[in-house]
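See structure below.
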Amino acid sequence: MISRRQTRDMVLSNYLQMRAPLILLDLDQDGLVTEANRYARNMLGTDCIGRPFSCLILDFHNKFSLMDLRTKHAGVLLSFKTKDNYPVSLKTFYLPLGTGGLVIGEQNLEESEELHNSLLHLNNELNTISRDLQKKTIQLQQVNDLKNQFLGMAAHDLRNPLATVYTYIDILRDDLHSDRDGTALEAFNEIQQQMKYMMNLVSNLLDYSVIEQGRLDLDKQPVEIHQLVSQAVQSNRLLSAKRNVTITLLADKTPCIIMIDLHKIRQVLNNLISNAVKFSPSDATVTVKVEKAEISSITISVTDQGPGIPDEMRNRLFVPFGKTNQQSFSGEKSTGLGLAICRKMIEAHGGTIGFESPAGQGSRFWFTLPLSATT
Amino acid sequence: MGQKTSDTFNPASRPLTFAPDSPDLIAACNSYTTSLLAGDRVACRAIVEQLLRDDCPVKILYQELFQKSLYHVGDLWERNIISVAREHVATAITESLLPLVFPTACAAPKTGKKVVVACTAHELHQLGARMVADFLEMNGWDSLFLGSNTPQDSLVHYLHEQKPDLLCLSLSVQMNLRHLIETIAFVRKSCAELPIAVGGQAFRWGGADQVTGYHNVRYAISLDQLEHLMQP
Numbered sequence: 001m002i003s004r005r006q007t008r009d010m011v012l013s014n015y016l017q018m019r020a021p022l023i024l025l026d027l028d029q030d031g032l033v034t035e036a037n038r039y040a041r042n043m044l045g046t047d048c049i050g051r052p053f054s055c056l057i058l059d060f061h062n063k064f065s066l067m068d069l070r071t072k073h074a075g076v077l078l079s080f081k082t083k084d085n086y087p088v089s090l091k092t093f094y095l096p097l098g099t100g101g102l103v104i105g106e107q108n109l110e111e112s113e114e115l116h117n118s119l120l121h122l123n124n125e126l127n128t129i130s131r132d133l134q135k136k137t138i139q140l141q142q143v144n145d146l147k148n149q150f151l152g153m154a155a156h157d158l159r160n161p162l163a164t165v166y167t168y169i170d171i172l173r174d175d176l177h178s179d180r181d182g183t184a185l186e187a188f189n190e191i192q193q194q195m196k197y198m199m200n201l202v203s204n205l206l207d208y209s210v211i212e213q214g215r216l217d218l219d220k221q222p223v224e225i226h227q228l229v230s231q232a233v234q235s236n237r238l239l240s241a242k243r244n245v246t247i248t249l250l251a252d253k254t255p256c257i258i259m260i261d262l263h264k265i266r267q268v269l270n271n272l273i274s275n276a277v278k279f280s281p282s283d284a285t286v287t288v289k290v291e292k293a294e295i296s297s298i299t300i301s302v303t304d305q306g307p308g309i310p311d312e313m314r315n316r317l318f319v320p321f322g323k324t325n326q327q328s329f330s331g332e333k334s335t336g337l338g339l340a341i342c343r344k345m346i347e348a349h350g351g352t353i354g355f356e357s358p359a360g361q362g363s364r365f366w367f368t369l370p371l372s373a374t375t
Numbered sequence: 001m002g003q004k005t006s007d008t009f010n011p012a013s014r015p016l017t018f019a020p021d022s023p024d025l026i027a028a029c030n031s032y033t034t035s036l037l038a039g040d041r042v043a044c045r046a047i048v049e050q051l052l053r054d055d056c057p058v059k060i061l062y063q064e065l066f067q068k069s070l071y072h073v074g075d076l077w078e079r080n081i082i083s084v085a086r087e088h089v090a091t092a093i094t095e096s097l098l099p100l101v102f103p104t105a106c107a108a109p110k111t112g113k114k115v116v117v118a119c120t121a122h123e124l125h126q127l128g129a130r131m132v133a134d135f136l137e138m139n140g141w142d143s144l145f146l147g148s149n150t151p152q153d154s155l156v157h158y159l160h161e162q163k164p165d166l167l168c169l170s171l172s173v174q175m176n177l178r179h180l181i182e183t184i185a186f187v188r189k190s191c192a193e194l195p196i197a198v199g200g201q202a203f204r205w206g207g208a209d210q211v212t213g214y215h216n217v218r219y220a221i222s223l224d225q226l227e228h229l230m231q232p
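Quick mapping for you: the protein sequence lines, in order, are chains A and B.
In terms of my numbering, the first sequence opens at residue 1 and continues consecutively.
In terms of my numbering, the second sequence opens at residue 1 and continues consecutively.
Here it is in structure tokens:
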């Protein structure tokens with residue numbers, strides 16, 4: 001007489017030659033699980049033994065019947081509840097065995113193969129798109145590099161002839177003896193004004209191209225900051241006198257030496273102070289202040305009494321060529337690069353730059369320099 | 001994977017040499033393959049980054065490191081020494097490292113020639129084709145990579161749009177050979193003179209003679225041979 005166990009093993013052996021099931025559950029005549037293979041115990045939990053089979057599945061439509069399963073020879077797709085409470089879909093068969101039977105759950109190979117192929121296809125598409133994007137980025141970078149190189153070369157080649165023309169205009173102007181009504185002198189002044197603007201523009205373009213090419217090297221040295229600011233104020237006295245604007249310097253007397261690129265910070269100071277003077281009305285005061293508001297940095301600010309920055313211009317001030325449409329009181333044109341260059345120079349020092357401009361109350365431009373670089 | 005001299009790749013202080021049989025390269029490749037089989041993405045990336053820093057030619061990286069290691073992994077899988085999961089991980093790691101090398105490949109001066117690189121219909125393994133596309137980019141071609149499972153209609157439409165100088169078709173799995181032949185026949189109906197190069201791992205088991213019978217279709221057994229085919 002062959003035992004149930006032997007029958008079970010024979011049935012399984014025949015079955016397994018053709019298929020590769022994942023879970024095997026022995027059921028008695030009442031549909032209770034009496035045995036489970038290792039995979040079933042791992043997936044469904046060891047407590048699946050002794051429980052009704054119907055408790056192991058997620059019966060979404062409340063229609064499951066073991067009797068139905070017994071009659072479906074082609075198998076049924078059932079969602080099993082794993083021990084971690086997430087659903088796993090298995091193609092489920094029932095093999096009658098004595099008064100009970102074997103439930104065999106196997107992976108739905110078609111579905112999983114389809115899923116696998118879909119995932120593979122999506123992954124491949126992602127990789128292809130990523131390659132395309134990377135290639136376009138590289139091409140854009142190459143174009144940008146070319147543009148910067150051109151900018152630098154053009155600015156460099158323009159600067160020398162401009163300087164020469166400017167010098168000769170100076171010489172010619174001094175030689176104007178026969179200019180009785182001042183027309184020629186006025187013309188020369190205008191030419192010189194335009195030349196000065198072009199030279200500033202070319203100089204700024206050169207600086208900007210150096211920055212964009214990542215060649216902004218800082219030549220740091222120990223500098224007493226109050227002295228530097230004082231010198232910058234002095235060098236703008238002529239301009240302020242012409243404009244009838246007073247520059248006031250507020251700073252404590254405590255020496256403060258920091259490691260900075262002297263020429264670049266001087267350039268930033270000159271830019272902010274001269275802007276403040278140009279955009280101030282006659283009889284106004286420009287205040288330059290040096291203060292150690294925080295323990296780790298020093299703040300230098302330049303405050304004017306001009307018309308302030310209109311709302312629509314605020315986001316463009318530190319952007320290259322993002323100049324405001326405002327006319328300065330001095331009539332000089334802005335190149336639109338000065339503040340962008342200042343920002344790069346300050347950021348290269350590890351500092352920050354910004355402004356405040358309440359409506360109709362003038363503007364305060366400030367920048368910080370870290371004190372961690374003190375000697 | 002060649003003569004085993006060392007399993008550990010330690011960049012020396014002396015200048016490294018990267019000729020195909022050089023000890024430095026063999027050491028790097030052995031170390032890389034070991035890490036690849038272990039699924040160690042971090043270690044693989046470190047080796048590639050070090051080789052790039054040491055100015056290892058990109059062509060050597062592709063042929064000696066990536067290609068040979070993947071062929072080795074494929075061999076191990078076919079002999080049931082490793083599972084398909086490990087093979088997939090190795091492919092995924094390699095594919096994730098190609099973007100590290102790509103910018104160097106793109107830096108080559110352009111020849112003005114254009115190539116379309118695609119896998120045939122139903123062919124889901126695209127890594128080989130991707131490497132060919134990058135290799136051609138290194139040689140100054142503008143390579144347009146279409147990826148896996150390229151339907152015939154889409155391919156021909158794209159060829160008419162881009163008018164490339166060359167079409168490269170990749171075959172990794174032998175059972176897709178008939179799809180490759182169908183694709184070539186389909187392309188030939190509307191692009192009679194377009195040079196076509198075919199290649200891929202599947203051809204190790206034969207089949208090249210079934211495709212080279214078509215007009216102007218050449219089989220490239222290796223990246224070196226493909227480079228030779230590209231010469232004017």
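Cβ coordinates follow ideal geometry from the N, Cα and C atoms, glycine included.
| Query | Result |
| --- | --- |
| 8 Å is my cut-off, CB to CB: does N257/B come that close to chain A? | The structure shown does not extend to residue 257/B, since chain B spans only 1 to 232, so no value can be given for it. |
| On the three-pair Cβ rule with 8 Å, is the region 88 to 103 of chain B touching the region 29 to 45 of chain B? | yes |
| Let me make sure I understand the geometry here. Which of F53/A, V233/A, A40/A has the alpha-carbon closest to that of V277/A? | V233/A |
| Apply the 10 Å Cβ neighbour rule to H179/B and answer buried if 16 or more other Cβ atoms are within range, or exposed otherwise. | buried |
| Using the Cα positions of D256/A and G351/A, report the straight-line distance between them to the nearest angstrom. | Reading off the sequence shown, one finds Cys at residue 256/A, where the question assumed Asp. Going from the Cα of C256/A to the Cα of G351/A covers about 16 Å. |
| Excluding the 5 residues flanking G39/B on each side, which residues of the same chain have their C-beta closer than 8 Å to its C-beta? | R86, V89, A90, I93 |
| Could you name the residues of chain A that Q126/B contacts, counting a contact when the two beta carbons are closer than 8 Å? | N124, N127, T128 |
| If you compare alpha carbons, which of L136/B, S35/B, N176/B is closest to L167/B? | L136/B |
| Which whole-angstrom value is the C-beta distance of K163/B and D142/B, which I expect to be below 8 Å? | Contact flag wrong, Cβ pair sits at about 12 Å. |
| So, is the C-beta of N117/A closer than 8 Å to a C-beta in chain B? | yes |
| Using 8 Å as the Cβ pair cut-off and three pairs as the minimum, do the region 234 to 253 of chain A and the region 204 to 211 of chain A touch? | no |
| Any C-beta of chain B sitting closer than 8 Å to the C-beta of L120/A? | yes |
| For chain A, check one thing: does any of its Cβ atoms lie closer than 8 Å to the Cβ of C106/B? | yes |
| When you compare each of M138/B, G199/B, G207/B to G234/B by their alpha carbons, which one comes out closest? | Because residue 234/B is not part of the residues shown, which for chain B are 1 to 232, the question remains open. |
| Fully enclosed by the region 124 to 168 of chain B, which beta strand (DSSP E) runs are 3 residues long or longer? | 142 to 147 |
| Taking CB distances under 8 Å as the criterion, tell me whether P103/B reaches chain A. | yes |
| From H122/B to T82/A, what does the alpha carbon distance come to, in whole angstroms? | 35 Å |
| Quick one, which residues of the region 204 to 232 of chain B are near chain A if we go by CB-CB under 7 Å, in chain order? | none |
| Could you tell me whether any Cβ in chain B is nearer than 8 Å to the Cβ of R5/A? | no |
| The region 130 to 153 of chain A: which residues have C-beta closer than 8 Å to a C-beta of chain B, in chain order? | S130, R131, D132, Q134, K135, I138, Q139 |
| For D7/B, count neighbouring Cβ atoms within 10 angstroms of its own Cβ and tell me buried if that reaches 16, exposed if not. | Its pLDDT being 42, under 50, D7/B is placed unreliably by the model, and the measurement read from it follows with that caveat. Exposed, by the Cβ-count rule. |
| Counting Cβ pairs closer than 8 Å, one from the region 345 to 365 of chain A and one from the region 296 to 316 of chain A, do we hit at least three? | yes |
| I believe T92/A touches G75/A by the beta-carbon criterion, under 8 Å. Please report the beta-carbon distance rounded to the nearest angstrom. | 6 Å |
| Just list the residues that DSSP pairs F365/A with in beta bridges. | V302/A, F355/A |
| Assuming contact is defined by CB atoms lying nearer than 8 Å, are N149/B and C119/B in contact in what I supplied? | yes |
| Would you please state the rounded distance, in angstroms, between the beta carbons of S79/A and L66/A? I believe it to be under 8 Å. | In fact, because the Cβ distance is near 16 Å, the residues do not count as touching under 8 Å. |
| Determine the chain A residues that contact P99/B at a beta-carbon separation under 8 Å, and present them in chain order. | S130, R131, Q134 |
| Which runs of the beta strand (DSSP E), 3 residues or longer, sit entirely within the region 37 to 125 of chain B? | 114 to 119 |
| Closest to S280/A by C-alpha separation, out of S296/A, A241/A, R266/A, S203/A, would be which residue? | A241/A |
| Please say whether V290/A and H349/A have beta carbons closer to each other than 8 Å? | no |
| Return the residue from the list N204/A, S3/A, I260/A that minimises the CA-CA distance to I341/A. | N204/A |
| Is there a C-beta anywhere in chain D that falls below 8 Å from the one on G200/B? | Protein chains in the displayed structure are A and B, and chain D is not among them. |
| Between T164/A, S297/A, K147/A, H263/A, which has its C-alpha nearest L216/A's C-alpha? | H263/A |
| So N149/B contacts chain A; which residues on that side make the cut at Cβ distance below 8 Å? | H121, N124 |
| For D170/A, which residues of its own chain have a beta-carbon under 8 Å away from its beta-carbon, when the five flanking residues on both sides are left out? | Q192 |
| To the nearest angstrom, report how far apart L226/B and N271/A are at their CA atoms. | 59 Å |
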